[in-house]
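One structure is given below, encoded as structure tokens.
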Amino acid sequence: MLHIILFILKLIGLLVLILLGLILLAVLLVLFVPVRYRGEGSYYNRVKGNMKISWLLHILSVTVRYENEILIVIRLFGFPIRKPKKMDEEMKEAEEIVVQAMEVKEPETIKEARRLGEDIKDTVLKESEPQPSVHAKRRSWIQTLYYKIKKKFIHILKKIRHLYKRICDTWKNMKDKKEEIQAFLTNSQNQKTAKLLFRQVKRLIRHIFPVKGHGTVTFGFEDPGLTGQVLMAASLLYPFFHKHWNLYPVFDRPVFTAEGTFQGRLRLGTALVIGLRMFFDKNFRVLLKRWLR
Numbered sequence: 001m002l003h004i005i006l007f008i009l010k011l012i013g014l015l016v017l018i019l020l021g022l023i024l025l026a027v028l029l030v031l032f033v034p035v036r037y038r039g040e041g042s043y044y045n046r047v048k049g050n051m052k053i054s055w056l057l058h059i060l061s062v063t064v065r066y067e068n069e070i071l072i073v074i075r076l077f078g079f080p081i082r083k084p085k086k087m088d089e090e091m092k093e094a095e096e097i098v099v100q101a102m103e104v105k106e107p108e109t110i111k112e113a114r115r116l117g118e119d120i121k122d123t124v125l126k127e128s129e130p131q132p133s134v135h136a137k138r139r140s141w142i143q144t145l146y147y148k149i150k151k152k153f154i155h156i157l158k159k160i161r162h163l164y165k166r167i168c169d170t171w172k173n174m175k176d177k178k179e180e181i182q183a184f185l186t187n188s189q190n191q192k193t194a195k196l197l198f199r200q201v202k203r204l205i206r207h208i209f210p211v212k213g214h215g216t217v218t219f220g221f222e223d224p225g226l227t228g229q230v231l232m233a234a235s236l237l238y239p240f241f242h243k244h245w246n247l248y249p250v251f252d253r254p255v256f257t258a259e260g261t262f263q264g265r266l267r268l269g270t271a272l273v274i275g276l277r278m279f280f281d282k283n284f285r286v287l288l289k290r291w292l293r
């Protein structure tokens, strides 16, 4: 009897260990298996594009396509979780359901009688109304235009006054809090926290940013001088992305076309480590609590 009880306890312990191992494996997969994304898009008089997000050898994947309408497909082990529908169709279906739920159906004879009565009423009212003269119409139109311009002018004045008041209040608050802001910026602990935050945000952006990508942009304006100015402005940043993007200026006609591809990944464990690094900074927690109040 005792050895049976020990066998049952051993079996239960083994099952618990297997369960804990599966939970640990799931946590490790979520933290360290990256979520990968890749996409492509183009613009030739209209926008087209698609993007696919996948995890763990495409066990779970989400595909988003756009060509006049947005189409979303979610797959698990290669099988769609639900039948893909266009977002416009889903909105239309929801709208039809709401309309059907709210409308009160009437017999067709009652509807026809009501519609006929409304038509007769409108006809009688139109025939009995006196027709205004040409001068009266012109005077009414001028008065309407005057009141519209007056209303618009008053509205603009109110906006200008409101903006001026906000600027004055902001300036006053800045003057009142000048010493507080200066003390905050000159605090050595705040400076260390700001540097730490900058490094962690930079690290997170570098981690999320696409690791591969390539694209081309062709542009031109009616004024060749404007095309040259845009090209000069782009040349300041071109050394940073010349390996991935090609620019083709056109000086004899207005044109704009673009196409490109990109792919990258996001590892939740890396994002969690970055977040914990900031959370363990005591001064950051103090500033965060102060900001959330």
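Numbered according to the UniProt record's numbering, the sequence shown terminates at residue 293, and the numbering increases by one at each position without gaps.
C-beta: ideal position from N, C-alpha, C; glycine also.
Unbroken alpha helix (DSSP H) runs of length 4 or more, entirely within the stretch 222-282: which are they?
-> 224-241, 268-279
Whole-angstrom C-beta distance between Pro34 and Arg267, which should lie under 8 Å | 4 Å
Report buried or exposed for Gly21, applying the criterion of at least 16 other Cβ atoms within 10 angstroms of its Cβ.
-> exposed
How is residue 325 classed by DSSP in three states: helix, strand or coil?
-> Since the first residue of the chain shown is 1 and the last is 293, residue 325 is not available in this structure.
Would Pro249 pass as a contact of Thr218 if the rule is Cβ separation under 9 Å?
-> yes
Rounded to whole angstroms, what's the CA-CA distance from Val99 to Met51? Just pull it up for me.
-> Caution is warranted here: a pLDDT of 49 is assigned to Val99, below 50, making its placement in the model unreliable, and no coordinate value can be reported.
Label Ile110 either buried or exposed according to how many other C-beta atoms from any shown protein chain fall within 10 Å of its C-beta, with 16 as the threshold for buried.
-> Note that Ile110 scores 49 on pLDDT, short of 50, meaning its location in the model is unreliable and no value can be drawn from it.
Indicate the three-state DSSP secondary structure (helix, strand or coil) for Val217 in the structure shown.
-> strand
Counted within 10 angstroms of its Cβ, other Cβ atoms place Thr227 as buried (16 or more) or exposed | buried
The stretch 204-222 / the stretch 262-277 touching (three or more Cβ pairs under 8 Å) = yes
Give the secondary structure of Ile18 by DSSP, where H, G and I count as helix, E and B as strand, and everything else as coil.
-> helix
Does the beta-carbon of Trp171 have 16 or more other beta-carbons within 10 angstroms, so that it is buried, or is it exposed?
-> exposed
Endpoints, beta strand (DSSP E) assigned at residue 349 = Since the first and last residues shown for the chain are 1 and 293, residue 349 lies out of range.
Delimiting residues of the beta strand (DSSP E) encompassing Val47 | 47-55
Can Leu185 and Met278 be called in contact, C-beta distance under 9 Å?
-> no
By Cβ distance, which residues of its chain are closer than 8 Å to Tyr43, with the 5 residues on each side in sequence left out?
-> Phe256, Thr257, Ala258, Glu259
What do you get for Leu9, buried or exposed, if any count of 16 or more other CB atoms within 10 angstroms of its CB means buried?
-> exposed
Please state if the CB of Leu71 and the CB of Val64 are separated by a distance shorter than 9 Å.
-> yes
Just the C-alpha distance for Arg265 and Glu69, rounded to the nearest angstrom, thanks.
-> 26 Å
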